[in-house]
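Residue numbers (our numbering), protein chains in the order written: chain Z, 7 to 644; chain A, 84 to 182.
The beta carbon of each residue, even a glycine, is placed where N, CA and C say it ideally should be.
Some notes on the structure that comes next.
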């Protein structure tokens with residue numbers, strides 16, 4: 007399995023070449039180089055997945071998939087026990103993530119050849135894409151939590167660079183800064199969590215942390231508590247905070263909608279399919295520790311996820327920018343995965359939620375990337391993000407229309423598309439664990455279907471419009487990824503996921519629970535029919551009537567519940583005014599003041615005594631003798 | 084013995100006084116010689132009266148005389164050089180090195 011090292015090395019090499027020598031290359035050459043590079047990485051990932059799942063993974067006697075570490079070097083050594091390694095960890099979820107990342111990344115690379123054609127900084131774009139792919143792949147194969155943290159930050163940087171790709175646009179710059187600062191703030195919690203955890207356990211290694219049902223964590227943190235909560239709870243909650251920042255959980259979700267300022271393929275890759283699920287992946291990676299050492303945090307994750315999912319779904323209904331609708335739908339779906347982890351137990355059928363979460367992550371990556379790329383195709387033609395500029399496009403863009411419809415059906419959870427299977431597992435897991443969460447998820451499933459089809463009908467149906475330029479179908483190079491992802495959205499649901507991935511790595515069998523599934527399908531159909539009746543015909547009176555009757559609630563939703571304003575208020579009025587300003591005053595007047603006064607005092611003292619050094623030898627002699635006399639006199643007196 | 088010590092004290096303080104107050108470098112040099120000579124008298128006197136069996140004080144005096152002769156030669160050479168360069172041997176005005 008040593009070849010897995012190349013999965014990381016190739017994107018890094020492409021980044022270095024395109025980043026350093028990009029300005030001397032033809033744009034097309036840089037693009038093709040990046041695409042071929044990630045293509046090779048994708049093939050290697052599929053090979054790794056095949057070998058792992060069907061050849062060597064089933065090595066243990068109890069049928070569990072064993073961890074494989076084909077490569078590991080010691081990077082920083084603190085003591086004999088505490089050292090930071092860099093390596094590659096191959097286990098079911100990391101292999102699954104490798105497949106997801108390289109596939110979506112390859113699709114986005116191909117798509118961008120058409121979408122970004124003629125843009126300024128084309129080579130830079132591909133360099134950043136490769137950097138992102140490298141960092142994300144490094145994150146998922148990390149053997150220890152510190153390596154994960156390093157790549158976690160690298161991912162944040164590449165996300166920042168790509169959101170701010172159009173750096174001449176002030177909104178893009180503001181959005182990139184916002185994304186970076188919000189996620190950095192969350193990563194502070196992550197780092198503190200890592201430090202607490204490693205302080206008690208004396209290791210960073212995932213294998214050591216999760217071995218024997220997280221025995222090490224349970225033993226070393228036993229008895230230690232802080233503010234009434236156990237240390238393990240604190241550490242795991244803080245680590246979750248980092249995950250919540252990257253995965254845009256309430257209230258740290260505010261950066262994700264703004265991140266849509268970046269190029270649309272980037273939104274598809276980073277802010278829908280791969281990077282934003284890093285938080286889910288983090289919780290899944292440390293799932294054993296969560297279950298056995300900090301089960302209360304897991305409950306919190308479930309409720310935070312459910313609230314975020316509901317909240318984002320409601321906002322998504324009123325947004326008019328199509329990319330923002332998709333952004334809120336992403337938040338909602340990621341929160342779905344978090345809930346699934348929150349309601350999961352460990353091992354066997356009780357661990358259904360864990361499997362469902364990873365399954366949904368897998369299917370969601372494909373259909374959400376498809377939605378974004380489809381939206382990109384529409385934006386490419388219409389030159390606007392606003393729904394009001396679209397309508398009736400199904401006649402002009404048949405391929406985009408069909409693929410988008412498939413993705414909408416998948417995310418709404420209509421069989422036989424992939425979203426149905428993964429969503430059904432999540433609903434089933436919630437149903438058996440917590441009825442309140444199940445009810446919330448069930449409503450969200452309906453809302454999801456409603457807002458997705460509102461989007462669909464507004465773009466492709468609605469009233470006929472007169473366009474200044476007749477809309478045209480996108481070039482073939484952009485349609486190919488759409489078709490392939492549509493195919494994946496149709497078939498990935500059929501994968502028997504529980505045979506490969508489970509909390510304890512022991513495969514188990516699942517079957518569709520038709521009671522839960524039927525209720526899920528029913529509410530999705532209701533959502534679709536509601537959207538159809540309201541939006542299919544275009545600007546209807548019913549919609550306006552509904553908006554008027556909702557009044558303030560509609561306005562609040564349109565403004566995303568004023569969460570941005572609340573954060574602005576907290577940072578500007580509370581943090582800046584009450585904390586930063588006094589600190590700045592203290593720094594200016596006390597710290598700087600003390601130093602300035604010391605300097606000025608020294609200067610005054612020296613100008614006062616510099617008269618002594620007159621160059622007059624006889625004066626020196628006089629002083630010398632006077633001193634000698636005084637010393638003599640003192641000696642005599644004593 | 085007291086008379087010798089009184090004499091050397093007078094010589095010593097005369098030297099100090101001259102060293103501090105004279106402006107002429109040659110006068111300052113002479114004052115330094117007075118100080119040195121008073122010290123040498125002290126060496127000889129203490130040797131003669133307190134430790135008559137030893138000769139260290141006497142030898143030290145001779146040694147001092149030789150050193151002061153050499154020192155005077157060097158000092159006068161410096162003074163002559165200063166005079167050639169600056170046309171002045173007033174101590175108070177020889178302050179070119181200060182800046």
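Could you run through the region 613-641 of chain Z and flag, in chain order, every residue whose CB is less than 9 Å away from some CB of chain A?
-> Residues 619, 620, 621, 622, 623, 624, 625, 627, 628 and 631.
Quick check: what's the CA-CA separation for residue 156 of chain Z versus residue 299 of chain Z?
Residue 156 of chain Z and residue 299 of chain Z: Cα-Cα distance of roughly 25 Å.
Use the C-beta contact count for residue 182 of chain A: other C-beta atoms within 10 angstroms, 16 or more gives buried, fewer gives exposed.
With a pLDDT of only 47 at residue 182 of chain A, under the threshold of 50, the placement of this residue in the model should not be trusted, and no figure is reported.
Checklist entry - Under the rule that 16 or more other beta-carbon atoms within 10 Å means buried, what is residue 602 of chain Z, buried or exposed? => result By the neighbour-count rule (16 or more Cβ atoms within 10 Å), residue 602 of chain Z is not buried but exposed.
Compute the Euclidean distance between the alpha carbons of residue 49 of chain Z and residue 62 of chain Z, then round it to the nearest angstrom. Taking the straight line from one Cα to the other gives about 18 Å.
Boundaries (first-last residue) of the beta strand (DSSP E) holding residue 78 of chain Z = From DSSP, the beta strand (DSSP E) with residue 78 of chain Z extends over 74-83.
**Prompt:** Closer than 8 Å, CB to CB, is residue 99 of chain A near chain Z or not?
**Reply:** Yes, contact with chain Z.
- Message: By the DSSP assignment, the alpha helix (DSSP H) with residue 95 of chain Z in it spans what residues?
- Response: Counting along the chain, residue 95 of chain Z falls outside any alpha helix (DSSP H), though it belongs to the beta strand (DSSP E) covering 89-96.
_Please report the straight-line C-alpha distance between residue 155 of chain A and residue 614 of chain Z, rounded to a whole angstrom._
Those two C-alpha atoms are separated by around 37 Å.
Practice task
Would you kindly report the start and end of the unbroken alpha helix (DSSP H) that includes residue 496 of chain Z?
Solution key: Here the alpha helix (DSSP H) through residue 496 of chain Z covers 482-497.
Residue 125 of chain A lies in the alpha helix (DSSP H); which residues open and close that run? Annotation for residue 125 of chain A: the continuous alpha helix (DSSP H) segment containing it runs 108-133.
Residues of its chain near residue 242 of chain Z, where Cβ-Cβ distance is below 8 Å and the 5 sequence neighbours each way are ignored: Closer than 8 Å at the Cβ level, and outside the excluded window around residue 242 of chain Z, lie 199, 203, 292, 295, 296, 299, 300 and 303.
- Please classify residue 235 of chain Z: does DSSP put it in a helix, a strand, or coil? In the structure shown, the three-state DSSP call for residue 235 of chain Z is strand.
Per DSSP, residue 173 of chain A is paired with what? Residue 173 of chain A is bridged to A/107.
Give the residues from the region 86-113 of chain A that approach chain Z closer than 9 Å (Cβ to any Cβ), ordered along the chain.
-> Residues are counted here when their Cβ sits less than 9 Å from a Cβ of chain Z; for the region 86-113 of chain A these are 99, 102, 103, 104, 105, 106 and 111, given in chain order.
| Given a threshold of 16 other Cβ atoms within 10 Å of its Cβ, counted over all protein chains shown, does residue 263 of chain Z qualify as buried or as exposed? | Classification of residue 263 of chain Z: buried, given that the 10 Å Cβ count is 16 or more.
Review point. With 8 Å set as the bound, which would you pick, yes or no: does the beta-carbon of residue 157 of chain A sit closer than that to a beta-carbon of chain Z?
Key: Output row for residue 157 of chain A: interface = no.
Minimum Cβ-Cβ distance from residue 174 of chain A to chain Z less than 8 Å:
Among the CB atoms of chain Z, one or more fall inside 8 Å of the CB of residue 174 of chain A.
Exercise. Would you report the Cα separation of residue 380 of chain Z and residue 211 of chain Z, rounded to the nearest angstrom?
Worked result: So the two alpha carbons sit approximately 41 Å from each other.
Which whole-angstrom value is the C-beta distance of residue 428 of chain Z and residue 366 of chain Z, which I expect to be below 8 Å?
About 4 Å; that satisfies the 8 Å criterion.
Residue from Z/483, Z/377 and Z/197 with nearest C-alpha to residue 115 of chain Z | Measuring from the Cα of residue 115 of chain Z, the nearest candidate turns out to be Z/483.
Along the chain, where does the alpha helix (DSSP H) containing residue 438 of chain Z start, and where does it finish? Unbroken alpha helix (DSSP H) run through residue 438 of chain Z: 424-439.
_CB-CB length for residue 324 of chain Z against residue 424 of chain Z, believed under 8 Å_ = Actually they do not touch by this definition, with Cβ atoms about 27 Å apart.
Q | Burial state of residue 520 of chain Z, where buried means 16 or more other Cβ atoms lie within 10 Å | A | Taking every protein chain shown into account, the CB of residue 520 of chain Z has fewer than 16 other CB atoms within 10 angstroms, so this residue is exposed.
Review point. Going by other Cβ atoms of all chains shown within 10 Å of its Cβ, with 16 needed for buried, is residue 169 of chain A buried or exposed?
Key: Residue 169 of chain A should be labelled exposed.
Note to self: Count Cβ pairs between the region 458-469 of chain Z and the region 390-398 of chain Z that sit closer than 8 Å; are there 3 or more?
What the structure shows: These segments touch.
Point to revise | Residue burial classification, residue 559 of chain Z (beta-carbon count within 10 angstroms, cutoff 16) | key: By the Cβ-count criterion, residue 559 of chain Z is exposed, with fewer than 16 other Cβ atoms from all chains shown falling within 10 Å of its own Cβ.
**Item:** Pairwise C-alpha distance: residue 139 of chain Z and residue 108 of chain Z
**Value:** Rounded to whole angstroms, the gap between the alpha carbons of residue 108 of chain Z and residue 139 of chain Z is 8 Å.
Report the three-state DSSP secondary structure of residue 159 of chain Z (helix, strand or coil). Note: residue 159 of chain Z maps to helix in three-state DSSP.
Closest residue to residue 540 of chain Z among Z/207, Z/84, Z/458 and Z/60 (Cα-Cα distance): The residue with the shortest Cα to Cα distance from residue 540 of chain Z is Z/458.
Exercise. What three-state label does DSSP hand residue 622 of chain Z in the structure shown?
Worked result: In the structure shown, residue 622 of chain Z sits in coil (DSSP, three-state: anything other than H, G, I, E or B).
Extract the residue ranges of the beta strand (DSSP E) inside the region 374-428 of chain Z, only unbroken runs of 3 or more that lie entirely within it.
If we require 3 residues or more, the region 374-428 of chain Z turns out to have no beta strand (DSSP E) run fully inside it.
Notebook entry, point to check: Hey, would you say residue 631 of chain Z sits closer than 8 Å to residue 99 of chain A, going by beta carbons?
Noted result: Taking 8 Å as the Cβ cut-off, residue 631 of chain Z and residue 99 of chain A qualify as a contacting pair.
| Just reading off the alpha helix (DSSP H) that residue 255 of chain Z is part of, what are its end residues? | In the DSSP assignment, residue 255 of chain Z falls outside any alpha helix (DSSP H), carrying neither H nor E.
Proximity winner among A/159, A/105, A/125 and A/143, relative to residue 94 of chain A (alpha-carbon distances)
Just measuring C-alpha positions, the residue of A/159, A/105, A/125 and A/143 sitting nearest residue 94 of chain A is A/125.
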